[in-house]
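For reference, each letter of the sequence shown is one residue, going 1 to 950 in the UniProt record's numbering. Okay, structure first, notes after.
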Amino acid sequence: MKLSELFNPNEFAARHLSFGDEAALLEALGEKSMDDFVGNTVPQSIRMPSELNLPEALTEADALAKLKGIASKNVINKSYIGLGYYPTRVPNVILRNVLENPGWYTAYTPYQAEIAQGRLEALLNFQQVCIDLTGFPVAGASLLDEATAAAEAMAMAHRVGKVKSERFFVDERVYPQTLDVMKTRAKYFGFELVVGDFAQADEGEYFGALFQYVGKDGDVQDLQDVIGRLKAKGTIVAVAADIMSLVLLKSPAELGADIALGNTQRFGVPMGFGGPHAAYFAFKDEFKRSAPGRIIGVSKDASGKPALRMALSTREQHIRREKATSNICTAQALLANLAGMYAVYHGPEGVKRIANRIHALASAFADALVSDGLNVVHKVFFDTVTVDFGSKEKADQVFAAALESGYNLRRVNDTQVAAAFHETSAYEDLVDLYRAFTGKDTFTFADDVKGRLNAELLRQDDILQHPVFNSYHTEHEMLRYLKKLEDRDLAMNRSMISLGSCTMKLNATAEMLPITWAEFTDIHPYAPEAQTAGYRELLADMENSLKAITGFDAISFQPNSGAQGEYSGMLSIRRYQEANGEGHRNICLIPKSAHGTNPATAAMLGLKVVVVDTDEHGNVNIDDLKAKAEQYRDALSAIMITYPSTHGVYEEGIRDICRIIHENGGQVYMDGANLNAQIGIMQPAEVGADVLHMNLHKTFCIPHGGGGPGVGPIGLKAHLAPFAPGHALTDTHSASADQTAVAAAAFGSASILPITWMYLTMMGKQGMEQATRWALLNANYVAKRLSEDYPILYTGKNGRVAHECIVDLRPLKAESGITETDIAKRLMDYGFHAPTVSFPVAGTLMIEPTESESKAELDRFIAALKQIKQEVLKVERGEWPKDDNPLVNAPHTASDVTGEWAHPYSREEAVFPLPFVREHKFWPSVKRVDEVYGDRNLVCSCLPIDAYED
Numbered sequence: 001m002k003l004s005e006l007f008n009p010n011e012f013a014a015r016h017l018s019f020g021d022e023a024a025l026l027e028a029l030g031e032k033s034m035d036d037f038v039g040n041t042v043p044q045s046i047r048m049p050s051e052l053n054l055p056e057a058l059t060e061a062d063a064l065a066k067l068k069g070i071a072s073k074n075v076i077n078k079s080y081i082g083l084g085y086y087p088t089r090v091p092n093v094i095l096r097n098v099l100e101n102p103g104w105y106t107a108y109t110p111y112q113a114e115i116a117q118g119r120l121e122a123l124l125n126f127q128q129v130c131i132d133l134t135g136f137p138v139a140g141a142s143l144l145d146e147a148t149a150a151a152e153a154m155a156m157a158h159r160v161g162k163v164k165s166e167r168f169f170v171d172e173r174v175y176p177q178t179l180d181v182m183k184t185r186a187k188y189f190g191f192e193l194v195v196g197d198f199a200q201a202d203e204g205e206y207f208g209a210l211f212q213y214v215g216k217d218g219d220v221q222d223l224q225d226v227i228g229r230l231k232a233k234g235t236i237v238a239v240a241a242d243i244m245s246l247v248l249l250k251s252p253a254e255l256g257a258d259i260a261l262g263n264t265q266r267f268g269v270p271m272g273f274g275g276p277h278a279a280y281f282a283f284k285d286e287f288k289r290s291a292p293g294r295i296i297g298v299s300k301d302a303s304g305k306p307a308l309r310m311a312l313s314t315r316e317q318h319i320r321r322e323k324a325t326s327n328i329c330t331a332q333a334l335l336a337n338l339a340g341m342y343a344v345y346h347g348p349e350g351v352k353r354i355a356n357r358i359h360a361l362a363s364a365f366a367d368a369l370v371s372d373g374l375n376v377v378h379k380v381f382f383d384t385v386t387v388d389f390g391s392k393e394k395a396d397q398v399f400a401a402a403l404e405s406g407y408n409l410r411r412v413n414d415t416q417v418a419a420a421f422h423e424t425s426a427y428e429d430l431v432d433l434y435r436a437f438t439g440k441d442t443f444t445f446a447d448d449v450k451g452r453l454n455a456e457l458l459r460q461d462d463i464l465q466h467p468v469f470n471s472y473h474t475e476h477e478m479l480r481y482l483k484k485l486e487d488r489d490l491a492m493n494r495s496m497i498s499l500g501s502c503t504m505k506l507n508a509t510a511e512m513l514p515i516t517w518a519e520f521t522d523i524h525p526y527a528p529e530a531q532t533a534g535y536r537e538l539l540a541d542m543e544n545s546l547k548a549i550t551g552f553d554a555i556s557f558q559p560n561s562g563a564q565g566e567y568s569g570m571l572s573i574r575r576y577q578e579a580n581g582e583g584h585r586n587i588c589l590i591p592k593s594a595h596g597t598n599p600a601t602a603a604m605l606g607l608k609v610v611v612v613d614t615d616e617h618g619n620v621n622i623d624d625l626k627a628k629a630e631q632y633r634d635a636l637s638a639i640m641i642t643y644p645s646t647h648g649v650y651e652e653g654i655r656d657i658c659r660i661i662h663e664n665g666g667q668v669y670m671d672g673a674n675l676n677a678q679i680g681i682m683q684p685a686e687v688g689a690d691v692l693h694m695n696l697h698k699t700f701c702i703p704h705g706g707g708g709p710g711v712g713p714i715g716l717k718a719h720l721a722p723f724a725p726g727h728a729l730t731d732t733h734s735a736s737a738d739q740t741a742v743a744a745a746a747f748g749s750a751s752i753l754p755i756t757w758m759y760l761t762m763m764g765k766q767g768m769e770q771a772t773r774w775a776l777l778n779a780n781y782v783a784k785r786l787s788e789d790y791p792i793l794y795t796g797k798n799g800r801v802a803h804e805c806i807v808d809l810r811p812l813k814a815e816s817g818i819t820e821t822d823i824a825k826r827l828m829d830y831g832f833h834a835p836t837v838s839f840p841v842a843g844t845l846m847i848e849p850t851e852s853e854s855k856a857e858l859d860r861f862i863a864a865l866k867q868i869k870q871e872v873l874k875v876e877r878g879e880w881p882k883d884d885n886p887l888v889n890a891p892h893t894a895s896d897v898t899g900e901w902a903h904p905y906s907r908e909e910a911v912f913p914l915p916f917v918r919e920h921k922f923w924p925s926v927k928r929v930d931e932v933y934g935d936r937n938l939v940c941s942c943l944p945i946d947a948y949e950d
């Protein structure tokens with residue numbers, strides 16, 4: 001035997017892909033080799049002129065060891081910086097059973113409610129936490145971060161408000177990153193931001209106002225009077241409130257505000273160099289149809305049993321397309337679940353104890369400093385003690401002494417230093433910080449501490465009174481509650497999820513392991529640069545890889561969702577054109593088939609959307625594009641185009657499309673939703689794109705988390721690179737100094753980037769090229785097999801599709817009355833999540849199997865759809881009534897088949913329609929959810945506990 005042959009650096013690719021299936025799949029397609037197949041599928045005109053310039057693969061063990069070495073270059077100091085990010089303790093039962101559990105992190109956004117009742121309940125719990133702490137009757141199921149939530153509040157205030165003004169007031173005490181993002185959004189909405197003293201907010205005419213509660217330097221102000229004066233003038237008032245402080249302080253609703261927002265990171269989510277974290281967003285009931293993001297609501301199923309679902313989905317902003325004021329789609333569901341479960345596990349008394357401990361430590365520290373003659377700036381505070389030393393020299397000395405002792409403080413200005421206490425602060429920290437601030441070695445802190453919050457600031461109402469927050473405080477009970485919820489959900493640890501345009505591929509265990517390493521989780525986003533060398537190396541590695549893959553000259557990692565990536569890419573184009581005297585260019589061409597986030601993004605940037613027709617094959621109509629590009633030549637800003645097309649086809653005219661736009665003065669933004677069909681085959685920059693957003697939660701293995709987190713970095717050509725998002729507090733290395741931010745943290749959701757680093761490193765050059773080929777092979781195999789029973793709507797070269805295919809159900813629907821929804825729900829009885837329903841064409845299913853599914857799993861899925869076709873034909877032939885058959889009654893629950901049975905089909909046909917279903921049966925916990933009832937009777941808070949009993 002040869003020793004060299006026993007080492008296999010490409011071992012991971014063989015775990016991610018099913019190499020043993022290659023011959024059978026190619027034979028089914030009539031192809032002799034993978035090269036022949038790719039040649040017959042991908043237009044030669046778009047092919048890369050050279051191979052991918054990526055390193056060779058490393059094994060799982062070697063990749064983890066290398067990443068551990070990089071991570072070790074980060075310095076874990078004790079963080080007392082504050083500014084919205086704090087050390088916290090993730091309860092281990094939640095860490096292991098939610099964050100590290102593929103039953104939670106591999107699920108998709110809960111569009112199919114019947115097989116998502118577990119995470120829907122978890123998100124409802126999160127909403128209830130937000131409702132209780134803010135005092136408002138409605139809360140959303142998370143936004144991206146506090147800064148973007150503040151920008152969303154500003155846009156919503158303008159939409160719902162009655163004051164005829166374009167001016168918005170911002171409290172000068174807001175976090176600098178929040179103001180940074182608001183400046184970006186306000187500019188293109190045409191709003192004037194007025195930053196000033198909170199107490200003087202009522203001296204002008206404003207459509208809205210934002211106050212910080214607690215201020216960035218730690219002070220707590222009574223906002224009730226100024227809010228009252230603003231409300232008398234009709235101003236919509238938002239309050240950005242520290243979630244932990246609200247355990248003790250009066251709620252924003254009690255203060256008179258209309259909207260409350262903030263970060264829930266303090267509820268058991270690590271800092272992670274800035275994210276991801278779930279922002280909360282709560283508001284008055286009358287604003288519910290104008291709110292951004294998703295809302296979980298209570299409805300009922302077909303048997304009348306309570307059931308949960310995403311409510312009021314038609315008011316989601318991206319669905320409003322060019323009329324939108326927000327483009328948010330993916331949010332932070334997994335992080336919202338962590339925060340909600342933190343409240344469930346600790347309960348009201350537990351979170352009060354934590355909040356009181358934080359406040360008591362800060363108060364004791366302030367008392368000690370005052371007794372030593374130091375000037376504590378604010379007398380009333382929650383967790384942050386700011387000290388004015390009167391000289392820069394003394395402030396420098398204290399800051400350096402703390403750093404020497406392993407503490408990161410915040411430098412407020414030349415003479416002031418702040419220390420923000422938090423959940424992990426201990427008595428020993430008081431002693432160490434006292435020594436750094438005073439130079440004295442010993443101080444005995446009194447056990448009795450008088451808090452610094454005035455009685456009139458404290459809440460008098462009870463919080464977290466629902467039984468869910470008072471039932472699971474032992475680990476056994478919590479463990480079983482989490483398992484109960486997990487078992488109600490169908491995630492990728494059970495079966496494939498073939499959602500078209502969503503790329504639900506393997507989230508490998510080795511990729512996930514590093515996200516809970518302390519070297520990544522325990523770093524503050526504004527930590528000194530010298531302490532973040534590991535993150536900087538990780539970012540540089542990933543930038544080089546993504547540049548090699550896409551052909552672009554620079555990468556920005558700041559966007560923390562795909563929609564944010566869209567916004568950032570188009571923002572870079574707008575800024576570039578403005579800098580070159582072409583700010584008047586305001587026309588954005590968008591194909592008719594585009595995802596709703598595209599026109600929503602264009603509208604948010606002040607662009608006018610002009611729709612480009614598509615031909616009968618689903619491709620961009622080049623003649624219509626050329627005519628419109630020439631018509632708007634002097635005003636053309638950009639085109640937003642998805643490639644391969646939203647219909648899952650390689651359009652052969654993509655180079656011509658890019659050339660036409662450039663010839664008419666515009667820029668090309670490419671939507672990277674379908675990048676999984678490009679890697680190693682083509683480079684978007686090489687075919688003519690100027691900027692591209694990438695979905696790391698699609699193409700590069702970050703899991704979808706049940707509706708987030710997502711990561712949407714952008715690749716830019718050199719001329720656009722200086723206009724990428726910047727950041728007020730951090731050098732992002734690629735942006736001009738005056739470019740404001742799009743997200744709260746400079747590098748977005750940095751703590752989950754190791755997932756993508758691991759994927760790239762373990763796959764290597766060869767594996768990344770193979771992954772794309774397998775994605776095409778699997779999609780074409782599914783399309784070929786299903787074409788025997790269903791029309792495949794769009795194909796490209798040689799009748800091939802790219803990485804996904806669209807199955808047309810409209811002919812069946814016309815003949816039988818069975819709808820695409822019936823078929824989607826019936827797939828649940830077979831143990832499958834439905835593909836994408838009615839997008840991009842109504843009455844269809846869009847299927848994307850990805851490269852990481854085996855032929856055996858594909859065959860099970862195909863068998864299910866073929867059997868469903870036979871069931872539809874039985875309805876069509878009259879063998880089953882149109883109003884009583886397994887499709888219209890789907891999904892079927894255990895209660896169904898153990899109760900009275902009066903249907904014309906058997907129990908076995910209902911729940912075991914094919915033999916393989918018996919092997920691993922998934923039982924939906926509710927019957928079909930009544931969507932209309934849920935919207936007409938909106939309830940977005942927790943139900944009485946007996947409603948959850950099976």
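Backbone N, C-alpha and C define an ideal beta-carbon position, used for all residues, glycine too. Model, not experiment: these values are computed from the prediction.
Take Asn74, set aside five residues on each side of it, and the residues of its chain with a beta-carbon closer than 8 Å to its own are Glu519, Phe520, Ile523, Gln531, Thr532, Ala533, Gly534 and Tyr535, in chain order.
The C-beta of Asp896 has 16 or more other C-beta atoms within 10 Å across all chains shown, which makes the residue buried. Secondary structure within the region 520 to 572: the beta strand (DSSP E) runs of 3 or more consecutive residues, fully enclosed, are 554 to 556 (chain order). Pairing Ala291 with Gly140 gives a Cβ-Cβ distance under 8 Å.
Residues Glu511, Phe700 and Cys701 of the same chain have their beta carbon placed closer than 7 Å to that of Tyr759, with the five preceding and five following residues left out of the count.
Boundaries of the beta strand (DSSP E) around Val195: Glu192 to Gly196. Around the beta carbon of Met492, 16 or more other beta carbons lie within 10 angstroms, which makes this residue buried. Of the residues Lys927, Asn798 and Tyr85, the one whose Cα lies closest to the Cα of Gly39 is Asn798. Contact between Tyr526 and Leu729 holds: their C-beta atoms lie close to 5 Å from each other, under 8 Å. Taking Met478 as reference, the option from Lys32, Leu845 and Gly347 with the minimal CA-CA separation is Gly347. Every alpha helix (DSSP H) stretch that sits fully inside the region 236 to 296 and reaches 4 residues is listed by chain position as 252 to 255. Residue range Ile654 to Glu663 is occupied by the alpha helix (DSSP H) that includes Cys658.
In this chain, the alpha helix (DSSP H) harbouring Asp624 covers Ile622 to Gln631.
Membership of Lys765 in the alpha helix (DSSP H) is indicated by the continuous run Leu753 to Leu786. At the C-beta level, Ala362 and Phe381 come within 8 Å of one another. Assignment of beta-bridge partners to Ile115 by DSSP yields no partner. Boundaries cannot be given for Ala741, as no beta strand (DSSP E) includes it and DSSP labels it neither H nor E. The way I'd put it, the region 656 to 665 does touch the region 688 to 696; three or more beta-carbon pairs between them come closer than 8 Å.
The residue from Tyr669, Ile549, Gly767 and Phe273 with its alpha-carbon nearest to that of Ile515 is Phe273. Cβ-Cβ separation between Ala638 and Gly666: approximately 5 Å, consistent with a contact (criterion under 8 Å). Annotated three-state conformation of Val174 is coil, per DSSP. For Ala343, the enclosing alpha helix (DSSP H) begins and ends at Ala333 to Ser371.
Here Ser854 carries a coil assignment [DSSP, helix/strand/coil].
Counting the other Cβ atoms within 10 Å of the Cβ of Asp258 gives 16 or more, which makes it buried. Contact annotation: Ile236 and Ala149 have beta-carbon atoms that are not nearer than 8 Å. With three or more CB-CB distances shorter than 8 Å, the region 562 to 572 counts as touching the region 598 to 612. Of all alpha-carbon atoms in Pro137, Met682, Arg167 and Ala673, the one lying nearest the alpha-carbon of Leu52 is that of Met682.
Excluding five sequence positions before and after Phe443, the CB atoms of its chain that fall closer than 6 Å to its own CB belong to Ala368 and Tyr434, given in chain order. In this structure, the beta-carbon distance from Glu652 to Pro43 falls below 8 Å.
Counted as a single uninterrupted DSSP element, the stretch harbouring Lys608 is not any alpha helix (DSSP H) but the beta strand (DSSP E) occupying residues Lys608 to Val612.
Rounded to the nearest angstrom, the gap between the Cα atoms of Lys921 and Thr109 is 22 Å. Our two residues, Ala402 and Met762, have alpha carbons roughly 40 Å apart in a direct line.
In the three-state reduction of the DSSP assignment, Ile590 falls in the strand class. Bridge pairing for Cys805: Ile847 [DSSP].
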